[in-house]
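To start, the structure under review is shown below, and the notes come after it.
Residue numbers (the numbering used here): 3 to 250.
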């Protein structure tokens with residue numbers, strides 16, 4: 003993973019953003035809504051749990067979009083840009099780039115519209131049009147209420163059990179990963195084996211994609227951070243996919 007997603011144990015990252023508002027600017031609500039609608043209309047929902055009849059929804063959005071795609075877009079940014087931009091600016095950049103890549107809009111059209119909004123702040127703050135297809139509204143509402151479960155049946159027993167000592171594999175960083183960089187090579191104790199197996203949104207170069215067990219692991223903080231930064235009585239927990247683990 004790039005630097006911005008491998009910060010465990012690093013010092014001197016001030017200033018820390020202590021913003022407590024969920025949405026600071028009105029447009030941030032819009033980009034959150036766009037992302038939510040994209041997930042609710044994603045073409046992979048025909049195989050999702052619960053069942054969605056996505057092929058019967060009259061949407062022109064025909065692509066695969068999930069939280070994983072949003073995260074992958076952020077991980078693909080230049081680290082300097084990542085730290086410079088606000089939270090929802092990263093979302094805006096990732097979603098805009100996705101629409102260009104998928105052919106919904108050209109880069110020239112995006113640049114032109116961006117320049118128009120920057121030149122006229124009133125246009126940027128204009129209310130969205132009211133209306134639309136009720137079938138699309140119903141699908142988005144259903145998705146908001148029921149979601150898209152990663153839980154899947156798993157025919158084989160988990161490799162590890164509660165009490166086992168496991169080591170986090172030192173896998174090479176990929177374009178997208180769910181393994182925190184500071185845990186690679188560290189030993190931990192299995193404290194919980196989650197029931198069932200969990201899939202991921204799409205295959206990753208480091209092994210995710212097919213359903214697999216997930217474990218809650220307990221790490222000793224002194225194995226992860228300098229002693230001056232920890233409480234000696236504390237324990238650090240992290241949930242890890244099985245593909246990232248091996249017997250210690």
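Every residue, glycine too, gets a C-beta built ideally from N, C-alpha and C. All of these numbers come straight from a predicted model, not from anything done at the bench.
| Query | Result |
| --- | --- |
| Top-ranked residue by Cα proximity to residue 238, from 226, 115, 199 and 122 | 226 |
| Whole-Å CB distance - residue 69 paired with residue 203, under 8 angstroms assumed | 7 angstroms |
| Reduced DSSP category for residue 83 - H, G, I as helix; E, B as strand; rest coil | helix |
| Same chain, Cβ closer than 6 angstroms to residue 253, five either side skipped, listed in chain order | This structure cannot settle anything about residue 253, because the visible part of the chain is limited to 3 through 250. |
| Extent of the continuous beta strand (DSSP E) run through residue 191 | 189-195 |
| Within 8 angstroms, strictly: CB atoms of residue 166 and residue 189 | no |
| Same chain only: Cβ atoms within 8 angstroms of residue 42, ignoring 5 sequence neighbours per side | 141, 142, 144, 145 and 146 |
| Whole-angstrom distance between residue 110 and residue 84, CA atom to CA atom | 23 angstroms |
| Cβ neighbour criterion (16 or more within 10 Å) applied to residue 1 | Absent from the structure is residue 1, since the part of the chain shown begins at 3 and ends at 250. |
| Cβ separation of residue 240 and residue 153, assumed to be a contact under 8 angstroms, to the nearest whole Å | Going by Cβ atoms, the distance from residue 240 to residue 153 rounds to 19 angstroms, so no, they are not a contact pair. |
| Burial state of residue 194, where buried means 16 or more other Cβ atoms lie within 10 Å | exposed |
| When 36, 75 and 187 are compared against residue 96, the one with the closest alpha-carbon | 75 |
| Cα-Cα separation, residue 128 to residue 250 | 58 angstroms |
| CA-to-CA distance, residue 101 to residue 63, given in whole angstroms | 10 angstroms |
| Cα-Cα separation, residue 104 to residue 213 | 27 angstroms |
| Where residue 76 falls: helix, strand or coil (DSSP) | helix |
| Secondary structure of residue 47, DSSP reduced to three states | helix |
| Nearest neighbour of residue 130, chosen from 162, 218 and 31 [CA to CA] | 31 |
| Nearest-angstrom Cα separation, counted from residue 133 out to residue 159 | 50 angstroms |
| Cβ distance (whole Å) where residue 162 is taken to contact residue 246 below 8 angstroms | The Cβ separation is near 12 angstroms, so there is no contact. |
| Cβ pair residue 77, residue 228 closer than 8 angstroms | no |
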